[in-house]
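*Asks:* Numbering (the numbering used here), first residue to last: 119 to 1070.
Ideal Cβ placement from N, Cα and C applies to all residues, glycine included.
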């Protein structure tokens, strides 16, 4: 929970820096170097600079001064702030950091490198110091937008205004009633000339927003407006005459969503919404870069008014929800449910269709039975006649954009009614390519959508039926219900079928049967069994082809299964499975296999052998996902983990848009969780488990579960001393998947693994690279202890001790004792080990306590302190008997008795601290992941591990 306050702190700090004119912080990490006391020091880095904050009741009142290359932070506390991290690892651009006493306080001194720079300030209740490696990186806090120079050249009936910007900016220039508006997409002060210097302009006002500047000139309507641009200069001229503007083209867009108008305007900038001070309504000015281009003639629709412009675009909104957005060279004007525009065919010439051609249906997405009717000459004669008429009409349309489209639509109706979907799509797509506005014609969309459904292109058909021209049409709703059922979106299917109920009976019998079967399946999946019975009865009553009857029988078998009539369901599934149609036989075979497996009529191996060919036999819809989900469950039950995960993942990648894909992804995530979080792969060798994890690592959940999953796997690797793979596993988590406190926690574990693998440099880099603010106290202590141990392993004993100077935790004391031992500071090491023993509870000595007692005794002996040895002997002498290392303890505590050379060698061996620390780390890993001793290890092995721990 510490990450959220830290994030809020950064946001507030960034805002404060923005107000001050400084560069906004990139995401930085700010680790707390000391606890929440009077002086709290935080350090954070990002690619541009390092930030040091002094917070707390005293630190927040710190004063900063600069003396050449020296920056001094004076803190009103006699106790020196904890800046050990800064001393050991100075920020970029700083050569040294030191503390020194000052009257009534302490000073922290930063020595800047040659060419470095610093900025200071106060934000979020703290004093901050931003340190830059080079002065060029430091922001110019005094930068302000340059004022715009405005020059006027006026006479009695004309005026020209020159706006000189320091860079090219976008502009919009247009007349609105008695006023001329000049809008720029940048904000800067602009002082206009006044009085007679503006000629016919009677009033001029400047308004400025956060990122725009607008000028309103009151001028007679008899004056025309022109605009021109050259570099950063815009010239606006008001005169009795002006050349007509051009360069902005409006086109209708029915393809990319709800019906909209798109203005093609090169260099389009942004839409600036303004309020007219006289009328009080709102309008949008869309700016564009030079050279000048405008809309020569205005347009009016039900939803908006497009004003004539000399530059850019001006939109007066009539509808409250009108949207204006610029993207590249296109400006889109629309509404959430589409603009209200007349049908594209309304602008075309009308043509009388021959009486024997397929007639237009009452609804735009209907298919009529008589469309496929054939004359005496048969199919070929009918097709050739319609095609010839369509070709002639196409040639006419290329010469006359207003030519009719009736002959081409007649051919498309015939093809759709005859089941020739591919050919119908070709005719309709060619029609749209010749006349792009026809993409908004309702019948064109309805016919093409029907043809696409017939050939299985459901996603493309869905786009056609979603067009605004078919909004609310009941025949289109029937198709949408059928598509939703085929895609497994049962609730949407039922809703759409209900909206189109009055149109179903107007379709041919074959389509009525198909729609009824789809609706019945949706009712079945949503638990409405009564509706399923009624819809199946309707489907069976249609004079439909055999494949459509079999599709309804397949739904009937599912109904029997849900009603507990297993025998009847199995009989229907078996009969339908023999059909020579893969689209029907595949789900029937799946249902048959499921039932027989549930009844133990077949073994899982046989069920998998049946389903494996089915996953390749029928692909691309919900049936494939159902087959793969069933197959994955069988593979998991057999322990075939890799096959299960590969099958589930492959289908999810190929069919991500189907509703069942969400359930499949849930299955995949659940299987991965069961394997790596609930012990499913514990039977595999650690290397095999690691390989499986790497192959499917993208399934690792973000957050606590993923962290725990990786820890468990890393623990198994650590237990068998595969430290390098364990480090790689944790490094991936740190680099790619985690942030904040969670990242710092895993990085701490990673640093420990690096130390176990004798890689102190990597351990230090890991600790330093994951500093963050507001970490829990225990985690901060653990990180300091690991950092100190790494410094000690590199021979930097003084730095290690300095880092732990203010830390009296048990972990820090243990590291401090080990450092003293390695430096042969026997007396101090022995005292520290004795202090660690002081807090022990009663009972026998643990292996770790035996180790500390041995070191304390040997340390006092080497320091020639017999009183210390005697004190230890008096306190712990009674615990020697029964101890694991009794001979070594007798020698260390000098209790007398026969001592052999082997005993001396044993004590020397048990002075090796590293082996014991590694064993303790492994034990800590097992405790963190909730694991006891490794399942396959013998009691002798566990005993040996315990003795190794005592050897430290």
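Would you mind sorting residue 942 into buried or exposed? The rule is 16 or more other CB atoms within 10 Å of its CB.
*Replies:* exposed
*Asks:* Residue 562 and residue 549: beta carbons closer than 9 angstroms?
*Replies:* yes
*Asks:* Give the straight-line distance between the Cα atoms of residue 346 and residue 410, rounded to the nearest whole angstrom.
*Replies:* Each residue's Cα considered, the two are about 5 angstroms apart.
*Asks:* Which whole-angstrom value is the C-beta distance of residue 338 and residue 361, which I expect to be below 8 angstroms?
*Replies:* Between residue 361 and residue 338 the Cβ distance is about 19 angstroms, and since that is not below 8 angstroms, they are no contact.
*Asks:* Indicate whether the contact test is met: 3 or more Cβ pairs, each with one atom in the region 424 to 434 and one in the region 291 to 311, closer than 8 angstroms.
*Replies:* yes
*Asks:* To the nearest angstrom, how far is the alpha carbon of residue 1058 from that of residue 872?
*Replies:* Here residue 1058 scores only 35 on pLDDT, less than 50, and its place in the model is too uncertain to base an answer on.
*Asks:* Roughly how many whole angstroms lie between the Cα atoms of residue 348 and residue 408?
*Replies:* 7 angstroms
*Asks:* Out of 812, 950, 710 and 891, point me to the one whose CA is closest to residue 926's CA.
*Replies:* 950
*Asks:* Suppose only complete runs of 3+ residues qualify. What are the beta strand (DSSP E) ranges in the region 334 to 400, listed by chain order?
*Replies:* 342 to 348, 351 to 357, 367 to 371, 378 to 382 and 386 to 393
*Asks:* Can you list, in chain order, the residues of its chain with a C-beta nearer than 8 angstroms to that of residue 623? Leave out the 5 residues immediately preceding and following it.
*Replies:* 630
*Asks:* Quick one: grab the DSSP three-state call for residue 160.
*Replies:* strand
*Asks:* Can we say the region 493 to 503 touches the region 573 to 587, given the rule of at least three CB pairs closer than 8 angstroms?
*Replies:* no
*Asks:* Touch check for the region 273 to 285 and the region 362 to 378: three-plus C-beta pairs under 8 angstroms?
*Replies:* no
*Asks:* Mind checking whether residue 747 and residue 781 have CB atoms under 9 angstroms apart?
*Replies:* Closer than 9 angstroms, so yes.
*Asks:* Indicate whether residue 766 and residue 811 have their beta-carbon atoms separated by less than 9 angstroms.
*Replies:* no
*Asks:* By DSSP, does residue 884 sit in helix, in strand, or in coil?
*Replies:* Three-state result, residue 884: helix.
*Asks:* Within 10 angstroms of the Cβ of residue 614, are there 16 or more other Cβ atoms? Answer buried if so, exposed if not.
*Replies:* buried
*Asks:* From which residue to which residue does the alpha helix (DSSP H) around residue 846 run?
*Replies:* Following the DSSP letters along the chain, one finds residue 846 inside the alpha helix (DSSP H) bounded by residues 841 to 850.
*Asks:* Which residues bound the alpha helix (DSSP H) around residue 204?
*Replies:* 202 to 206
*Asks:* Give the straight-line distance between the Cα atoms of residue 422 and residue 394, rounded to the nearest whole angstrom.
*Replies:* 16 angstroms
*Asks:* Between residue 954 and chain B, is there a C-beta pair that is closer than 9 angstroms?
*Replies:* Judged by its chain identifiers, the structure shown contains no chain B, having just a single protein chain.
*Asks:* Determine the DSSP secondary structure at residue 707, reduced to helix, strand or coil.
*Replies:* helix
*Asks:* I'd like the span of the alpha helix (DSSP H) that includes residue 874, first residue to last.
*Replies:* 858 to 874
*Asks:* What does the alpha-carbon distance come out to for the pair residue 414 and residue 428?
*Replies:* Approximately 7 angstroms between the Cα atoms of the pair.
*Asks:* Check residue 434 in the structure and name its three-state DSSP category.
*Replies:* Three-state result, residue 434: strand.
*Asks:* Helix, strand or coil: which one does DSSP assign to residue 899?
*Replies:* helix
*Asks:* Which runs of the alpha helix (DSSP H) spanning at least 4 residues fall entirely within the region 660 to 725, listed in chain order?
*Replies:* 664 to 680, 684 to 695 and 700 to 716
*Asks:* I need the straight-line Cα distance from residue 881 to residue 902, nearest angstrom please.
*Replies:* 12 angstroms
*Asks:* So what does residue 536 bridge to, in DSSP terms?
*Replies:* Paired residues: none, contrary to the question.
*Asks:* In whole angstroms, give me the CA-to-CA distance for residue 887 and residue 646.
*Replies:* Cα to Cα, residue 887 sits roughly 58 angstroms from residue 646.
*Asks:* Applying the criterion that 16 or more other CB atoms from any shown protein chain within 10 Å of the CB defines a buried residue, is residue 235 buried or exposed?
*Replies:* Buried, since its Cβ has 16 or more Cβ neighbours within 10 Å.
*Asks:* Using a threshold of 9 angstroms, state whether the C-beta atoms of residue 869 and residue 885 are closer than that.
*Replies:* yes
*Asks:* Closest to residue 223 by CA distance: which of 233, 176 and 350 is it?
*Replies:* 176
*Asks:* Could you name the residues that DSSP lists as bridge partners for residue 172?
*Replies:* 159 and 245
*Asks:* So is residue 334 buried or exposed if we call it buried at 16+ other beta carbons inside 10 Å?
*Replies:* buried
*Asks:* Indicate whether the contact test is met: 3 or more Cβ pairs, each with one atom in the region 516 to 524 and one in the region 597 to 611, closer than 8 angstroms.
*Replies:* Verdict: no, contact absent.
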